[in-house]
Amino acid sequence: MQYNQRARWSDQVARAVFFLCAILLVVIILAVIGFISSKAFNIFFEHGGTNLKTFFFTDNWDPTGVNDPTGNGNPGFGAGGLILGSLVITLVSVLIVIPLALGTAAFFTEVAPRWLVNFLNPLIEIFTGVPSVVIGVLGLTVLVPFLSRLLTPFAQSLGIVGATAGFGWGAAILVLVIMILPTTLSIAIDALHAVPASVREASLALGSTRWQMVCKAVLPAASSGLGTAIVLGLARAIGETLAVELVLGGNALPRNLFSLGALFQPSINITASIAEIFPETSGVSQDAYWTLAFILLAITFLFICISRYLASRSVYQ
Amino acid sequence: MSLQSASPLLLPQSERTADPTQRTRRLRRLHFSNGLALSLLWFVTMLVAALFVAIILNLVWTGLPALTSPAFYGTGAQGIGPELFNTFYILILTELFLFPISLGAAIFLVEYARQGWLTNVIHFAAETLAGVPSIVLGMFGFLVFSSDAHLSISRLAGALTLLCLNFPLGLRLFEQALNTVPRELREGGLALGATRWRTIRTVILPSALPGIVTGLILTAGKIIGEAAALLFTMGLFNPANVFTLNTGLASDTLTTKLYYLKGAGAGSTGLTTAQETLLAAGISAVLILLLLIINITARSIGRLIQRKLTAA
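Taken in sequence, the protein lines are chains B and X. Be aware that the first sequence starts at 746, since it is given in the numbering used here, and climbs by one per residue. Be aware that the second sequence starts at 2, since it is given in the numbering used here, and climbs by one per residue.
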């Protein structure tokens, strides 16, 4: 009897401890959202701050005032350029990743022979874990000089002001492609694996070729899973920091924003700006960075909600 | 199947025709587009695979000169001794929090909780946290652990930030591990009159061990590779007495050192650019090799334990 009681008691304790562990997760995410949003709007209300219009629609970002041309140290809080930079590199890199990831995933699950799958599987898994700073340094030492050599002869026709060193959105997009391709690819492969064999058999039995089977039966059946893969790729891309920071190399938007050359001149985005200057800030200038953090948080939260919605719609889990 | 013997039913109704030459031509077009599309898929995949292999080989190859010089492992300006120590230190410190907490949360979700609103809320929280950019979590850690909790820029603040960052991943991996345990084992334990906790300890955890060890190793890989979250919570510099277990020290890791060398501190490290580049290549190669080792051990340890358990 006594043994029974003690056993039941320890079961209750264990249950409570495990419950606390699980609840800690909810506490952490609420704390992240709570703390960051509590600081996010200070900049719009305090003395020396700014207003919404200036914040979102101008591009003079200099919260510490070190780059003020008048030398008075007047800060600038125009985050429009940073936001534009993040959106451009995220969207373009995902547009490049979509065909690569879907093509490779379709090949991987529908066409590839067994030995090739055994080779590619660990390769994708390893690449998912490559630290972003390593890819950034590789971009800096290999990709940036390469772009510079490649583009210098065309600098005039691309509308590049002065010589190009290869830094900029173009390099950041290519680095982001490398960073998010493995993640998107492995989720897309899971989505295609979830499509039951009966769908393929039905399609083949109706006389379709293998390609018709892939694009008319398997891909549509997995569409919401593939959508999740793309949305999570977007979420990853917008938050990617160090890899992008190392190859952006600028502190303002390029002057010729509406030409192809703008992609290959030093430029800015949200995360790089945070990584570079946030630790040196305090007071009002730091509050400006909390607003940026809140924007990133809100965008990724939106992406997660979309991916959950897509996942809830998918027929095959 | 040969083109001539194919049935006209292979074609959509609108294209069915009695004319055999026209039928053959259409079928041939179909097979041609099939071949073309499949070779395109081959090409894309080979391109991606070649890219991955080339990057890994390039990193290891350019790092080789640094890896073979003894000074690289020392404590001098061109050595990574302190960073290696810090990386493994922070790995162990983080796992001390991360492993029990995320395993506990996974046990609660898989073994105790009923599927319902609570598990939904926790899974949604996990997905959201997994999506938060690591730089934002770094700022959060700076605000909460370094400033509000007065841990300052320290290893402990870094480890707690890494806990927040890797909790969702740990939870997912350990949940997977526990879900591989067959239902019959649980029912067997409970039917013998054991409490749920005793069943977990004596039956479920041992049989989920391969998955748990694999999960532990994979989270270790993520911790070693993280940099952005540590920039504001653990700093970029080492104190003089770095080889201690003091959790209050600021210190850098392999990844943050790499960032400092080529990013924030390029040109101010007291090294020539060539030396900086060589050191950076060496650190990249070390990180890639660690990652390879981690992946290979995760796979083989899982298999090894599986074999031992099933043979015994």
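Think of the CB as a built atom: it goes at the ideal place given N, C-alpha and C, for glycine as much as any other residue.
Minimum Cβ-Cβ distance from residue i to chain X less than 8 Å
{"i": "glutamate 870 of chain B", "result": "yes"}
{"i": "threonine 886 of chain B", "result": "yes"}
{"i": "phenylalanine 800 of chain B", "result": "no"}
{"i": "glutamate 946 of chain B", "result": "no"}
{"i": "phenylalanine 891 of chain B", "result": "no"}
{"i": "phenylalanine 822 of chain B", "result": "no"}
{"i": "valine 1124 of chain B", "result": "Outside the displayed range of chain B (746 to 1062) lies residue 1124 of chain B, so it cannot be described from this structure."}
{"i": "leucine 710 of chain B", "result": "For residue 710 of chain B there is no data in the structure shown, the boundaries of chain B being 746 and 1062."}
{"i": "aspartate 999 of chain B", "result": "The sequence given here has proline at residue 999 of chain B, not aspartate. For proline 999 of chain B, the answer is no, since every Cβ of chain X falls outside 8 Å of its Cβ."}
{"i": "proline 867 of chain B", "result": "yes"}
{"i": "asparagine 1049 of chain B", "result": "The sequence shown places isoleucine at residue 1049 of chain B, not asparagine. Output row for isoleucine 1049 of chain B: interface = yes."}
{"i": "alanine 933 of chain B", "result": "no"}
{"i": "threonine 815 of chain B", "result": "no"}
Among the options, nearest to residue i - alpha-carbon criterion
{"i": "threonine 799 of chain B", "options": "B:Phe822, B:Asn787, B:Ser782", "result": "B:Phe822"}
{"i": "phenylalanine 168 of chain X", "options": "X:Ala158, X:Ile102, X:Pro134", "result": "X:Ile102"}
{"i": "serine 1030 of chain B", "options": "B:Gln901, B:Ala824, B:Leu885", "result": "B:Ala824"}
{"i": "proline 898 of chain B", "options": "B:Gly826, B:Glu990, B:Trp1035, B:Gly1006", "result": "B:Gly1006"}
{"i": "leucine 837 of chain B", "options": "B:Ile923, B:Phe1023, B:Arg859", "result": "First, the amino acid is wrong: residue 837 of chain B is valine here, not leucine. That would be B:Ile923, whose Cα lies nearest to the Cα of valine 837 of chain B."}
{"i": "asparagine 819 of chain B", "options": "B:Thr1045, B:Pro844, B:Gln757, B:Asp807", "result": "B:Asp807"}
{"i": "isoleucine 284 of chain X", "options": "X:Pro66, X:Leu163, X:Arg24, X:Ala106", "result": "X:Pro66"}
{"i": "phenylalanine 244 of chain X", "options": "X:Gly36, X:Met47, X:Asn87, X:Trp43", "result": "X:Asn87"}
{"i": "lysine 263 of chain X", "options": "X:Thr278, X:Asn121, X:Ala178", "result": "X:Thr278"}
{"i": "alanine 936 of chain B", "options": "B:Ala850, B:Pro867, B:Trp860", "result": "B:Ala850"}
{"i": "serine 943 of chain B", "options": "B:Asp756, B:Ala962, B:Val992", "result": "B:Ala962"}
{"i": "serine 831 of chain B", "options": "B:Phe1009, B:Ser1018, B:Arg894, B:Val862", "result": "B:Ser1018"}
{"i": "leucine 1002 of chain B", "options": "B:Val992, B:Gly874, B:Asp804", "result": "B:Asp804"}
{"i": "threonine 873 of chain B", "options": "X:Lys309, X:Arg308, X:Ile295, X:Gly303", "result": "X:Ile295"}
{"i": "serine 208 of chain X", "options": "X:Thr311, X:Gly139, X:Tyr90, X:Phe146", "result": "X:Thr311"}
{"i": "arginine 300 of chain X", "options": "X:Leu259, X:Leu219, X:Ala251, X:Leu290", "result": "X:Leu219"}
{"i": "leucine 58 of chain X", "options": "B:Gly1028, B:Arg753, B:Ile871", "result": "B:Ile871"}
{"i": "proline 134 of chain X", "options": "X:Leu163, X:Leu97, X:Ile302", "result": "X:Leu163"}
{"i": "isoleucine 225 of chain X", "options": "B:Ser1059, B:Asp1032, B:Ser877", "result": "B:Ser877"}
{"i": "aspartate 813 of chain B", "options": "B:Ala997, B:Ala1056, B:Leu979, B:Gly984", "result": "B:Ala997"}
{"i": "alanine 933 of chain B", "options": "B:Ala846, B:Ser948, B:Arg751", "result": "B:Ala846"}
{"i": "phenylalanine 98 of chain X", "options": "X:Ala160, X:Arg27, X:Leu290", "result": "X:Ala160"}
{"i": "isoleucine 81 of chain X", "options": "X:Leu280, X:Ile306, X:Phe238, X:Ile289", "result": "X:Leu280"}
Contact set between residue i and chain X, taken where Cβ atoms lie within less than 9 Å
{"i": "aspartate 756 of chain B", "result": "Thr196, Arg197, Trp198, Arg199"}
Residues that residue i contacts on chain B, provided the C-beta gap is smaller than 7 Å
{"i": "threonine 234 of chain X", "result": "Within chain B, no residue comes near threonine 234 of chain X; the closest Cβ sits about 10 Å away, beyond 7 Å."}
{"i": "asparagine 87 of chain X", "result": "In chain order: nothing, as chain B lies at least about 15 Å away."}
{"i": "leucine 39 of chain X", "result": "Val856, Arg955, Trp956"}
{"i": "alanine 209 of chain X", "result": "Result: empty, since nearest Cβ-Cβ is about 14 Å, beyond 7 Å."}
{"i": "valine 122 of chain X", "result": "Val771"}
{"i": "alanine 126 of chain X", "result": "Leu770, Val771, Ile774"}
According to DSSP, residues forming a beta bridge with residue i
{"i": "serine 807 of chain B", "result": "This sequence places aspartate at residue 807 of chain B; serine is not what is there. Paired residues: B:Gly821."}
{"i": "glycine 994 of chain B", "result": "B:Ser1012"}
Residue-level contact to chain D via CB, residue i, 8 Å cutoff
{"i": "asparagine 239 of chain X", "result": "Here the protein chains are B and X, and chain D is not one of them."}
Any chain B beta carbon closer than 8 Å to residue i
{"i": "leucine 31 of chain X", "result": "yes"}
{"i": "serine 269 of chain X", "result": "no"}
{"i": "glutamine 5 of chain X", "result": "Caution applies to glutamine 5 of chain X, whose pLDDT of 45 falls short of 50 and renders its modelled position unreliable; the model cannot decide the point."}
{"i": "arginine 308 of chain X", "result": "no"}
{"i": "leucine 293 of chain X", "result": "yes"}
{"i": "threonine 46 of chain X", "result": "yes"}
{"i": "valine 204 of chain X", "result": "no"}
{"i": "alanine 229 of chain X", "result": "yes"}
{"i": "glycine 171 of chain X", "result": "no"}
{"i": "valine 145 of chain X", "result": "yes"}
{"i": "glycine 105 of chain X", "result": "yes"}
{"i": "valine 49 of chain X", "result": "yes"}
Neighbouring residues, chain B, relative to residue i (Cβ below 8 Å)
{"i": "glycine 222 of chain X", "result": "Gly874"}
{"i": "tryptophan 43 of chain X", "result": "Phe852, Val856"}
Chain-ordered neighbours of residue i on chain X, where CB pairs are closer than 7 Å
{"i": "isoleucine 773 of chain B", "result": "Leu130, Cys165, Phe168"}
{"i": "threonine 803 of chain B", "result": "Ordered by position in chain X, no residue passes the 7 Å Cβ test against threonine 803 of chain B, which lies about 23 Å from the chain."}
{"i": "glycine 970 of chain B", "result": "Here the premise fails: no neighbours, minimum Cβ distance about 15 Å."}
{"i": "leucine 1042 of chain B", "result": "Val133, Val137"}
Contacts of residue i in chain X (Cβ-Cβ under 8 Å)
{"i": "leucine 883 of chain B", "result": "Ile56, Asn59, Leu60, Ser285"}
{"i": "isoleucine 1013 of chain B", "result": "Those within 8 Å of isoleucine 1013 of chain B in chain X number zero; the least Cβ separation is about 15 Å."}
Partner residues on chain B for residue i, Cβ-Cβ distance less than 9 Å
{"i": "serine 34 of chain X", "result": "Thr954, Trp956, Gln957"}
{"i": "glycine 226 of chain X", "result": "Gly874, Val875, Pro876, Ser877, Val878, Val879"}
{"i": "asparagine 242 of chain X", "result": "Ordered by position in chain B, no residue passes the 9 Å Cβ test against asparagine 242 of chain X, which lies about 23 Å from the chain."}
Quiz item: Which of the residues in the segment 129-140 of chain X, read from start to end, lie with their CB under 9 Å from any CB of chain B?
Solution: Hits within the stretch, in order: Thr129, Leu130, Ala131, Gly132, Val133, Pro134, Ser135, Ile136, Val137, Leu138, Gly139, Met140.
Self-check item: Contact list for the segment 64-80 of chain X against chain B, Cβ threshold 7 Å
Solution: Cβ contacts with chain B: none found.
Practice problem: For the segment 1007-1039 of chain B, enumerate the residues whose C-beta is nearer than 8 Å to any C-beta of chain X, in chain order. | Solution: Along the segment 1007-1039 of chain B, going in chain order, the ones with a CB nearer than 8 Å to a CB of chain X are Thr1016, Ile1019, Ala1020, Glu1021, Phe1023, Pro1024, Tyr1034, Trp1035, Ala1038.
Quiz item: What residues in the segment 776-794 of chain B bring their beta carbon closer than 9 Å to a beta carbon of chain X?
Solution: Those would be Ala776, Val777, Ile778, Phe780, Ile781, Lys784, in chain order.
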